[in-house]
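Residue numbers (our numbering), protein chains in the order written: chain G, 1 to 328; chain F, 1001 to 1328; chain D, 2001 to 2328; chain Z, 3001 to 3328; chain E, 4001 to 4328. Backbone N, C-alpha and C fix where the C-beta goes; we use that ideal spot for every residue, glycine too. Every value quoted in this text rests on a predicted model; they were computed, and no experiment measured them. Here the structure is laid out as structure tokens; the discussion comes afterwards.
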Amino acid sequence: QNCAIDQVRQMRGKYPVQWVDIVGMGDEALFEQIGQLFGIHRLALEDVVNIPQRAKVETFKDHLFIVCQFPRHGRKHTFEQASFFIGKDFVISWREHPSDCFDTIRDRLQFTGRALRDSGTDYLMYALLDALIDSYFPSLERIGEAIDRIDVELEAGPSRPLIIRLHGLRHDLRLLRRIVWPLRDAVDSLTNRHDWLIAPETSIYLRDCHDHVIRIIDSLESYREACSDLRDFYSTEVGNRMNEVMKVLTIISTIFIPLSFLAGLYGMNFNPEVSGWNMPELEWRFGYPAILFVMAAMSIGQLLFFKRKGWLSSFTTTNHKSNGNRTD
Amino acid sequence: QNCAIDQVRQMRGKYPVQWVDIVGMGDEALFEQIGQLFGIHRLALEDVVNIPQRAKVETFKDHLFIVCQFPRHGRKHTFEQASFFIGKDFVISWREHPSDCFDTIRDRLQFTGRALRDSGTDYLMYALLDALIDSYFPSLERIGEAIDRIDVELEAGPSRPLIIRLHGLRHDLRLLRRIVWPLRDAVDSLTNRHDWLIAPETSIYLRDCHDHVIRIIDSLESYREACSDLRDFYSTEVGNRMNEVMKVLTIISTIFIPLSFLAGLYGMNFNPEVSGWNMPELEWRFGYPAILFVMAAMSIGQLLFFKRKGWLSSFTTTNHKSNGNRTD
Amino acid sequence: QNCAIDQVRQMRGKYPVQWVDIVGMGDEALFEQIGQLFGIHRLALEDVVNIPQRAKVETFKDHLFIVCQFPRHGRKHTFEQASFFIGKDFVISWREHPSDCFDTIRDRLQFTGRALRDSGTDYLMYALLDALIDSYFPSLERIGEAIDRIDVELEAGPSRPLIIRLHGLRHDLRLLRRIVWPLRDAVDSLTNRHDWLIAPETSIYLRDCHDHVIRIIDSLESYREACSDLRDFYSTEVGNRMNEVMKVLTIISTIFIPLSFLAGLYGMNFNPEVSGWNMPELEWRFGYPAILFVMAAMSIGQLLFFKRKGWLSSFTTTNHKSNGNRTD
Amino acid sequence: QNCAIDQVRQMRGKYPVQWVDIVGMGDEALFEQIGQLFGIHRLALEDVVNIPQRAKVETFKDHLFIVCQFPRHGRKHTFEQASFFIGKDFVISWREHPSDCFDTIRDRLQFTGRALRDSGTDYLMYALLDALIDSYFPSLERIGEAIDRIDVELEAGPSRPLIIRLHGLRHDLRLLRRIVWPLRDAVDSLTNRHDWLIAPETSIYLRDCHDHVIRIIDSLESYREACSDLRDFYSTEVGNRMNEVMKVLTIISTIFIPLSFLAGLYGMNFNPEVSGWNMPELEWRFGYPAILFVMAAMSIGQLLFFKRKGWLSSFTTTNHKSNGNRTD
Amino acid sequence: QNCAIDQVRQMRGKYPVQWVDIVGMGDEALFEQIGQLFGIHRLALEDVVNIPQRAKVETFKDHLFIVCQFPRHGRKHTFEQASFFIGKDFVISWREHPSDCFDTIRDRLQFTGRALRDSGTDYLMYALLDALIDSYFPSLERIGEAIDRIDVELEAGPSRPLIIRLHGLRHDLRLLRRIVWPLRDAVDSLTNRHDWLIAPETSIYLRDCHDHVIRIIDSLESYREACSDLRDFYSTEVGNRMNEVMKVLTIISTIFIPLSFLAGLYGMNFNPEVSGWNMPELEWRFGYPAILFVMAAMSIGQLLFFKRKGWLSSFTTTNHKSNGNRTD
């Protein structure tokens, strides 16, 4: 490891399996040399550098080419591209950035991993792919937790930051889906392939790999639906809130606006002295108590009307927890 | 039953069919021993302990591996994992928690079940799977009833707890779907397999099993749609309510606000003594009756306007029951 | 017909085709006897009594088993289950409730139906299935008419009963779909089967049967979409109404609330005699006409503003009929 | 043409290709005679009269039966049914209503169409089908134009007639889809069929026919999406409008209602002569200017608040045209 | 290049590969001559002129016909049609408008492109197709940037121009999808074809071409979803805004309308001198302070009520940025 291209050339063909792990994309000369040394097709080499590629598996005459995206370790929502060339006696892995995702495999190779060292290039390919696919799970968990947190906060009441976080989550899910679905097809085609390269025993392991990808996709789809449900829930909550606000406005307004009118009526300055027709109520003995009584009666009438309509018992705001413990 | 691993080893190969029913996941030594005794693949053993697994059927050289989730008895929305290994002469079932779902099978084996004892491992496998699948139906029924109850309550009027219960149901359905769909594929692949393990006669029984899973899925999809419909119904109901509230506010406001203005107008203190231009109405003989007449005319005019608009006949609140008895 | 099980046993094998039509599910002894007499598989017999079953076709060694749901005659949204066993020389039909849907077939058999009597069990099966499938059409027509009626009423204006009827229709459609889709698969599998039981000539008739089921499904899907469209239409109509209501409220309020303020302003009792600063307007010669002029100017200004906004020309309420005659 | 059934019978077999074009469905005797003369299956004959049929292609022993719907010429949204029987040496076309859609074919046959006369029944069938399929395009164009017109009008502002026209268009599209999708399957099955009836050269022409149907379906789906988008656009526009209306109401109300209260406050008639506590402000030297100043300050404060909220810059109503010329 | 038809005729057959690049559709004589010279099927020639065609690949006896749409260089949302005829020894490309998209290929042919000159017609076809497909990417990038810009602006606040731009984008995406999906099928069928025309080595290149189309479709679908999400986000934002507006209105109204009533009440002119029942409060020593105290108490009570409801802490308007850098 970390050796120059000459060392690679010298070791070529001396071992049953040669693993070359390249990090970084910049060096064009390296590309040329690697391509010539291992007889790699020009189109495949171009795909290694053109970023981002859709995950795919391509068969060439004497090697297999796999390219896929995986979440970059320690950075949210950033992806890097990994390419693999698998031949009869070599595995080339090509990553954009240095990371420790292959460290465990290297350790197993150097120390304990008898089984790994004795198997062919197909098993090494499985081990590398499996390491990459496992790097999706932390991203998924983070999204799952974010959704749960929004769910809990939303039951307490809708607020704008929630919907913005939800909008961001939907964006991330869209991004992940776009990367994982092609990966499924790629791994699927690997699993169903039985040829000179992939031994039946390895096929069982690839099936396991395939299961992991399917589980990732299951989670993504489930999260997408959860996000849709949350957005709908948010909308109905906003509607409920609006309704409640409108009810308070309507109740207060419809009670007090007519009362105000009545009060205004007897605030008019028609001159009662001109004729007996002009506001004789003002001179009545019980004019004021009478008008107060009328006002009280009107208010009570309206309150009864609202009660019958069910507007007074506003939507309960106690958070009725849906029962059962939830496990995604 | 409840015997030690040594007893299992002694009985190995003495009977045409040996059923080992293991409960609990903790004992690593047991895993090793069972794996060696029955020659089980390492990956399958790992799947038994890694929880939760997607339901799947995997074929190994001399045994079949089935893993699936099923609702844990007596606990809402909690699932446990069951794994099966079926070989020529053994069936191993592995569950997380002790439950009585296999008791009837054990009874049939010990007492009455001639047929069950004489058939091969495939029929025993069918019986175990069938018992697990049947444990889904109580969960489904509970959800179905919850939906019906929400439907009835919603026709009486929308309220916040309803939408929260609905939100919870959607969550549960999402969870169930995610577990049952892979189960369908698994049972499907069992049904369509005709090999050394599964006899044609058992295939007919597995078809029955498959029908049950399909029926579960039909119900789930139907419930999902019902939930969507209910949410839409809730939204329109909230809209209707809001509309009604707004109408009351608008009618009261548009009638009384102009009247209040008129009353306020004649409550102004312009001094009529300064000139004949200043509020001569106040000194008119019939000023007060005239203004009352104007106010009455305005109100009636507006009421007629609202009537023509159809706003007075507010949305009927009688619950028009949709006819027909419903059966899901 | 209406004969005892013994008679059935006696007639067994004497005719090329024996049709046993059983109504009712209660009699367990009958099940046993029929099962033994015609050699019917236990699982199929169980499916006959377990209601409701998904429609399906199952092949057993020497008979075919068909089970399906169909609308119960004369009862809305109630379904009953029909099961058929078709063997080389017998057809057993098993229904839950007595109905007259097979009467025409019986008549054709007894009197005119030469063709029917001379054909094999496959043609009789077709005739029975066709009769059941035709019993769906009245249900469909009823739903179609209900949708059209809601459409017409909705263009006249949204109202709560409409949305409740629509909600009920969606429920019925969901129910029907759940029953008809499996039926399609069942009839499909019958149509594509060419074996000892189904002659090529009958296959042509089954294709016709299949066409009918497809037409039912087409209608259901079309109705579902129509319901969705109607619900969306309802929502926008409610939105339109709300908008109109709000506009009236806003126009009246924004015109009269400022006027009221002005009137209130000059209704204040500041004492003009204390100083010349206190409400000198009240003593002006043309104070009252001036304030009236100001008020009129404000009102006209606001009306012009609203006109420019296009709020005065409220949404037309003439029902613009979409042209063309519609045929579903 | 226009000849009696006897003439048809006489000409039977004398020409390599005999084309019988029948218009109208009423004459039962004709059905019988045609059926016998050309040996047509009873079920196919029934399908000719049972209207409407799903478009389909059915193979009988010595003839092909095609039935499809096509837009009736000159009538919006009305469809008629056309049936074809194609045998070795005859083509029978059967339409509901007289129309001129086959006139060009007839002309080509009588005058110029050497090629058409010399080819077999398959090419004639293609020519007839092609004529029918082309009759869909005017309907599509009309719908496309209607959608474009609604789009343009909608950007000017939402109004109820627009949504009703849109609702009608969706209905028409639903209807068309239901008719065209089966047609696609029918033409598809014709295209993929290579047997005694359809020569490879004709297959190329049928592929062209198939392309046309696919293009019709593409347009329908695109129109459907456009309608959905327009409805969503309408909804958001109505929401925008409502928002604007509410803002005006809120701004005016929140400014003037507190002012009115202040004015009302100093319109109270508490007697200042009773004690110095009762409304001493009324007697202040600068009481009136002070209150006017307070009112002005409040108004300006609120306006600043609204400005900061961004409510004063109401949604722009200039129609920002989306750039680029659109071609469907 | 730019040569007359006679020159083409003279060069016919003299080179292993002859490339004829025709621009413009008007010249009918040219069509006839080209058709005769290369033996092209009449239907294919018709498809060249009938614009727009669905992208498709058609096989004729001795040539392949490809037709597709591609974005016209330098014009937004305008598409032009390109047709190709590929035979054993000729490639004809036919475009609507002159453009420079084939210039690089021409250069490679004339100067550097040894490989291109030595390969067969299939590789030339690949090169031409690839050039056309690459011309989609600028359009996609423009749309992607427009979506990102709308997203950023939307988080700052909803406004009508945003929704109109979004509506326009959806239109463009609909248009692109309708053109690209058939292209995928066409390229797919080219990739999977292995016959006399397309050599296995070229197949690898076509697979690359296919990958590009798939990536275009992935982007389109992702953009479509992004647009839907943005529209939903817009709707909820409008709802939030409305809610906030309503809250301000409700708070101000419900506080001041009752206060106004109280003020109006004591502005009534009932004559206290008539009896002690008529508004004795006006003559109280502390009448005015008392009423002020009542008003203050009412206001504070309502404010507390609103605070408890959580209406005073209006939706935060700080734009909570969703974390993580986004890469489409």
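- Between Pro3272 of chain Z and Leu3262 of chain Z, the C-beta gap is not smaller than 7 Å, which leaves the two residues out of contact.
- When the five nearest sequence neighbours on each side are left out, the beta carbons in the same chain lying within less than 6 Å of the beta carbon of Arg1207 of chain F are those of Thr1191, in order along the chain.
- Interface flag for Gly3074 of chain Z against chain E is unset, since no Cβ pair is found closer than 7 Å.
- Neighbourhood of Thr2254 of chain D in chain Z, by CB distance below 7 Å: Val3248, Leu3249, Ile3252, in chain order.
- Of the other Cβ atoms in all chains shown, 16 or more fall within 10 Å of the Cβ of Trp94 of chain G; this residue is therefore buried.
- Annotation: the stretch 2141-2212 of chain D contains the following complete segments of the alpha helix (DSSP H) (minimum length 4 residues), in chain order: 2160-2191.
- Given a length threshold of 4 residues, the stretch 4231-4273 of chain E has no whole run of the alpha helix (DSSP H) inside it.
- A contact between stretches requires three or more CB pairs, one per stretch, nearer than 8 Å, and the stretch 3290-3304 of chain Z fails this requirement with the stretch 4285-4298 of chain E.
- Burial state of Met2025 of chain D is buried, judged by a 10 Å Cβ sphere holding 16 or more other Cβ atoms.
- Asn1269 of chain F reaches chain G at Asn269, counting residues in chain order whose Cβ is nearer than 9 Å.
- Of Z:Pro3138, Z:Val3245, Z:Leu3304, the smallest CA-CA separation from Gly3074 of chain Z is found for Z:Pro3138.
- For Pro4280 of chain E, the closest Cβ of chain Z is not nearer than 7 Å.
- Residues of the same chain with a CB within less than 8 Å of the CB of Gly4013 of chain E, apart from the 5 flanking positions on each side, are Asp4089 in chain order.
- Within the model, the alpha-carbon separation for Leu2045 of chain D versus Asp2062 of chain D is close to 15 Å.
- One alpha carbon belongs to Ser4253 of chain E, the other to Glu2244 of chain D, and they sit about 21 Å apart.
- Taking a C-beta cut-off of 8 Å against chain D, the contacting residues of the stretch 3159-3172 of chain Z are Ser3159, Arg3160, Pro3161, Ile3163, Ile3164, Arg3165, His3167, Gly3168, Leu3169, Arg3170, His3171, Asp3172, listed in chain order.
- Ile1092 of chain F is positioned such that its CB atom lies no closer than 7 Å to that of Val1180 of chain F.
- Contacts with chain F at 7 Å (Cβ-Cβ) include Pro258 of chain G.
- For Ile1034 of chain F, there is no enclosing beta strand (DSSP E); the enclosing alpha helix (DSSP H) covers residues 1028-1038.
- When the beta-carbon positions are compared, Phe1286 of chain F and Trp284 of chain G stay at least 7 Å from each other.
- Counting along the chain, Arg4009 of chain E sits inside the alpha helix (DSSP H) bounded by residues 4005-4011.
- Neighbours of Leu3043 of chain Z in chain D, taken as residues whose beta carbon is under 9 Å from its own, are Ile2204, Tyr2205, Arg2207, Asp2208 in chain order.
- DSSP places Lys56 of chain G in the strand class (E or B) of the three-state scheme.
- Cβ-Cβ distances below 8 Å link Leu1259 of chain F to Met1295, Met1298, Ser1299 in the same chain, with the five nearest sequence neighbours on each side left out; the list follows chain order.
- Contact annotation for Met1011 of chain F against chain G: no contact, minimum CB-CB distance about 29 Å [criterion: below 7 Å].
- Note on geometry: alpha-carbon atoms of Phe4085 of chain E and Tyr3123 of chain Z lie some 25 Å from one another.
- With 16 or more other CB atoms across the displayed protein chains lying within 10 angstroms of its CB, Thr2236 of chain D is buried.
- With 16 or more other Cβ atoms from the protein chains shown falling within 10 Å of its own Cβ, Lys2247 of chain D counts as buried.
- Contact note: Pro2289 of chain D reaches chain F through Trp1277, Asn1278, using a C-beta cutoff of 9 Å and chain order.
- Within chain Z, the residues placing a beta-carbon under 8 Å from that of Ala2226 of chain D are His3171, Arg3174, ordered along the chain.
- In the structure shown, the three-state DSSP call for Pro3098 of chain Z is coil.
- Around the beta carbon of Phe3079 of chain Z, 16 or more other beta carbons lie within 10 angstroms, which makes this residue buried.
- With a 10 Å radius around the Cβ and a threshold of 16 neighbouring Cβ atoms, Gly2301 of chain D comes out exposed.
- When the Cα atoms are used, Val2023 of chain D and His2041 of chain D turn out to be separated by approximately 20 Å.
- Chain D places no beta carbon closer than 7 Å to that of Gly3035 of chain Z, leaving this residue out of the contacts.
- For Phe4293 of chain E, the nearest beta carbon of chain G is not closer than 7 Å to its own beta carbon.
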